[in-house]
Structures are given as C-alpha cells and as structure tokens.
Ligand SMILES: Cc1ncc(COP(=O)(O)O)c(C=O)c1O
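Residue numbers (full-length UniProt numbering): 1 to 398.
Printed below as a string of structure tokens:
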C-alpha cells in the first residue's frame, strides 16, 4: 500500500533522528548529554502546577476555539508590558508555536505558493511547509558573519509571483542571531513593497544577551496588516509540555479567517490553558535569573569551542543555540559516531547535524547545531567530549 507523497517527502527531525543511537548508548550504561534539543532544564514557575492542582471542574470540557478568556487576557497583559496594545480578536491560542506556524502558512498560502526564509532555519519550518504544500525558498546566511541578513536586493531576488511571505525566527533558532532594528525594518519594507506577509517567530524573545533587546515586528505599525507574530509559552516559561502558543496579528480579516483552523481542531488543552493563564504572574526576577544562567552557559560553550583552531562560529547573542562549522565532511556521520563510538568517563554527547536546518541540498553538512539547555557542569563535560571526540574523529576519517 502506498503512502502519500507528502509524508514520504517529509524529513525526520534532525533533532530527534539519532534517538535510537542515544538509547543504544544508554543501554550500554553511558550518560548521554543532550545538546541536540531545545528542551530547557529550568524549572517551570510553580504557579503553573498550582493552577493544575487547583483545577476542580467536574467535567473536562472543550474551550472556545480562540482560547479561554483568562489566557487571552494574560497575553494581552504580557504584550501591554512590552508596549503593544492587542485586542482579543487579534490573538488565537494555539497548540504551541508549532500550530501557530502551521496556521499562518495555511492562512496565507495556497498549495504551491512560496515563503522566503533565511537559512539555516528552525527545521520544522520544512515540515510545516510540507504539510501545507508550501515551497520554502531559502536565502543564505553564513556562520562566518554570525548569520546576519544579506542585502535587500539579495532577499528580493528570491521573490516570485508565487511568494506570499517572509518567515524569520528572531532571536534565531538555530543560529542564535538577534536581528537589529534595521534588519527587521528592511524586511518590513520588502514586505510592504512586494505585497507580502512577514511572519515573525518570536518565541525566544526573552532570551537575549549582552544588553541587546529583541525587536518585535509588532513595532512596525505601518505594516501591521502584514505582520503575523508566532508566540509560545514553551521557552518563555520553560513549559514546553503545556503545548500552548499563539498566533497574533492586527489583520482582523486574517485572524477571523484563521479561526476556521482553530475551530476545526476544536480547542487547545483546557487544563493547560488555565494553568498558562496564571504564568503572567511570574515574578520579574525569574526572567533575570534565567537570562543570566543562559548567558553563562553560552559563554561556557562558546569559550570551549573557540579553543578549536579550525571551527567557524560567531558568539551567538540570543535563543539558546549555536551553529558551528567543523572541519568534517559529514556531520550526520560525526554525530552518530560520537554516540556509538566515543565516550569519556562513561559519558557521551548527542548533537544535531545541521543539514536538516537548510532547504538547499548539500548545505550544513559540515555544521552542527548545539543547544545550551543543560546545566553548566554537563555543558562543560559535553564540550570536552565534543572537542576530544572531534580530534579523534579527524584522525580516523578526515
Ligand atoms: C523557532 C521556533 N519556533 C517555534 C517552535 C515551536 O515551539 P512550541 O510548539 O513548543 O511552542 C520552536 C521550538 O523549538 C522553535 O525553536
């Protein structure tokens, strides 16, 4: 029996595809330190779990497809604190930022239409676009200059009559780049001049270091009809398992039409919505502490990596990832080899080969994406294993 071409052409997640080798390593008694996934180890604010304990409804009912009023209110309050005024009809609660991304693509594109994305990009943009039968048209950004955006004309050269939007992640997964106001302004101008949407995935907004700030596309009110924000509580509150996110736009027609998608899947999880609504009361200190911890982890990982003479990697300034270009030909093989063949003191490391973060065939094969979501000691151990492993690997294969 045949399966659909759509599912056949989809990739397995490069973040998770080596899981079987990690399981094998664990079954041999090794500790596997996971630098492959953006799963924060930071504690979720306790208010979330208190709300779950206090949930006392006798029936676990569906909610409004748009989201429960208290959660919509908490998003409104959160955005108000950032200086943006939103109304309830400008927000749709979704099953994570993931569903918001899919909704955005399905709402603005017909099958065969195109979205322009700087590559490398969050690998699931490939999966969502496959599901929506949308073609990703990448434009290149490079490890050498810290993945800054190229010139306006270079981005515009990717626009065709089928282009419906530009999609960015800011701060960036997998690059750790934080775009400047000028860079976002350039994208807004491109969108306005070419009648495109700008989908700005801002799920890492809080994770910005070195006194930088993440500029939200919402600032550009002159283009508000074209801007779609992807948001999520997964990273902000270390609540990935809650599966609560939001699609946000000032374009009321777009939002009203996207409601059809929300209605088709009925609602987001009820208890998690209730608990997520309370997260707005998280003390400010929480973010300060978390930010400081990630900045320290970033420094630990980067300082270790830069001891390798032939690595190309700029210090990232946001999110909790970096992409490193290594002196190897096949990062899939290297990542598998680390899990299967290399350990120090009964520990090994799991990394994400970077080719799955590109749409262009052949790119990223000498790159890996590393996340720094593990505690500082594990991070030091992981960096040591990675560096020593790379030296050993080069002796055998390079
Ligand atoms: C850039 C980016 N956008 C969206 C998501 C989706 O997150 P979630 O569905 O957990 O909100 C992720 C998850 O890692 C991400 O890295």
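Cβ coordinates follow ideal geometry from the N, Cα and C atoms, glycine included.
With 16 other CB atoms within 10 Å as the buried threshold, where does residue 247 fall?
So residue 247 counts as buried.
Which value, in whole angstroms, describes the spacing of the CA atoms of residue 245 and residue 66?
Straight-line Cα distance between these residues: approximately 11 Å.
Just to confirm my understanding: we take residue 86, look at its own chain, exclude 5 residues before and 5 after, and list those with CB closer than 6 Å. What are they?
Residues of the same chain with a CB within less than 6 Å of the CB of residue 86, apart from the 5 flanking positions on each side, are 76, 79 in chain order.
Taking residue 177 and residue 147 to be in contact with their CB atoms under 8 Å, please state how far apart those CB atoms are, rounded to whole angstroms.
Between residue 177 and residue 147 a beta carbon distance of about 4 Å is seen, short of the 8 Å cut, so the two are scored as contacting.
So, under 8 Å CB-CB, residue 252 and residue 220 are touching, yes? Tell me the CB distance rounded to an integer number of Å.
Taking 8 Å as the upper bound for CB-CB distance, residue 252 and residue 220 are not in contact here, some 18 Å apart.
Can you tell me the Cα-Cα spacing of residue 121 and residue 58, whole angstroms?
Cα to Cα, residue 121 sits roughly 44 Å from residue 58.
Is the beta carbon of residue 38 within less than 7 Å of some heavy atom of ligand 2?
Annotation note on ligand 2: not contained in the displayed structure, which lists ligand 1 as its ligands.
Is any non-hydrogen atom of ligand 1 found closer than 7 Å to the C-beta of residue 373, if you look at the structure I gave you?
Ligand 1 never approaches residue 373 closely enough for any of its heavy atoms to be under 7 Å from the residue's Cβ.
May I ask you to verify whether the segment 130-144 touches the segment 108-122, counting CB pairs closer than 8 Å and requiring at least 3?
Output reads yes: the segment 108-122 touches the segment 130-144.
Does the Cβ of residue 141 have 16 or more other Cβ atoms within 10 Å, making it buried, or fewer, making it exposed?
Its Cβ being crowded by 16 or more others within 10 Å, residue 141 is buried.
Coil, strand or helix - residue 79 by DSSP
Correct three-state label for residue 79: helix.
Span of the alpha helix (DSSP H) holding residue 9?
Here the alpha helix (DSSP H) through residue 9 covers 5-9.
Figure out for me which residue from 103, 326, 367, 223 has the closest Cα to the Cα of residue 250.
Of the listed residues, the one whose Cα sits closest to residue 250 is 223.
Provide the residue(s) that pair with residue 356 in DSSP beta bridges, ordered along the chain.
Answer is none; residue 356 lacks a bridge partner.
Do residue 398 and residue 328 have their beta-carbon atoms positioned less than 8 Å apart in this structure?
Going by beta carbons, residue 328 and residue 398 fall inside the 8 Å limit.
Look at the alpha carbon of residue 19 and the alpha carbon of residue 96, and state the distance between them as a whole number of angstroms.
Within the model, the alpha-carbon separation for residue 19 versus residue 96 is close to 23 Å.
For residue 311, collect the residues of the same chain with a Cβ closer than 8 Å to its Cβ; drop the 5 residues on either side in sequence, then sort them by chain order.
Correct list, in chain order: 305, 324, 325, 326, 327.
Checking 8 Å against the spacing of the C-beta atoms, do residue 191 and residue 166 come in under that value?
Cβ distance < 8 Å, so residue 191 and residue 166 count as in contact.
Within the segment 247-329, note down every full beta strand (DSSP E) run reaching 3 residues or more, in order along the chain.
Within the segment 247-329, complete beta strand (DSSP E) segments of at least 3 residues are found at 321-325, given in chain order.
Residue environment, residue 266, which counts as buried when at least 16 other CB atoms sit within 10 Å
Exposed is the call here.
By the 10 Å Cβ neighbour count, where 16 or more other Cβ atoms means buried, how is residue 194 classified, buried or exposed?
Counting the other Cβ atoms within 10 Å of the Cβ of residue 194 gives fewer than 16, which makes it exposed.
Whole alpha helix (DSSP H) elements within the segment 44-69, 4-residue minimum
List check, alpha helix (DSSP H) in window: 46-53.
Hey, would you say residue 204 sits closer than 8 Å to residue 171, going by beta carbons?
Yes.
Compute the distance between the beta-carbons of residue 372 and residue 287, then report whether it is under 8 Å.
Cβ distance not < 8 Å, so residue 372 and residue 287 don't count as in contact.
Our contact map puts residue 180 next to residue 237 with C-beta atoms below 8 Å; I'd like the distance itself, whole angstroms only.
The C-beta distance from residue 180 to residue 237 rounds to 27 Å, too long to meet the 8 Å contact threshold.
Can you check DSSP and say which residues form a bridge with residue 423?
With the chain running from 1 to 398 in the structure shown, residue 423 is simply not present.
Please state whether DSSP places residue 181 in a helix, a strand or coil.
Note: residue 181 maps to helix in three-state DSSP.
Please report the residue range of the alpha helix (DSSP H) in which residue 350 lies.
It is not in any alpha helix (DSSP H) - residue 350 instead sits in the beta strand (DSSP E) that spans 347-350.
Looking only at DSSP bridge pairs, what is residue 31 linked to?
Residue 31 is bridged by DSSP to 347.
In the DSSP assignment, what are the bridge partners of residue 369?
DSSP lists 323, 352 as partners of residue 369.
Run the CB neighbour count on residue 105, radius 10 Å, all protein chains shown included, and call it buried at 16 or more, exposed below.
Around the C-beta of residue 105, 16 or more other C-beta atoms lie within 10 Å, and the residue is accordingly described as buried.
For residue 197, which residues does DSSP report across the bridge?
BP columns for residue 197 point to 165.
Is it right to say residue 243 is buried, meaning 16 or more other beta carbons lie within 10 angstroms of its own, or is it exposed?
So residue 243 ends up on the buried side.
Contact belief for residue 229 with residue 217 at Cβ below 8 Å, rounded distance in angstroms:
Indeed, because the Cβ distance is near 7 Å, the residues count as touching under 8 Å.
Whole runs of the beta strand (DSSP E) within the segment 84-129, excluding any shorter than 3 residues:
The beta strand (DSSP E) runs of length 3 or more contained entirely in the segment 84-129 are, from start to end of the chain, 91-94, 114-119.
Terminal residues of the continuous alpha helix (DSSP H) containing residue 15?
Note, residue 15: premise wrong, no alpha helix (DSSP H); not H, not E.
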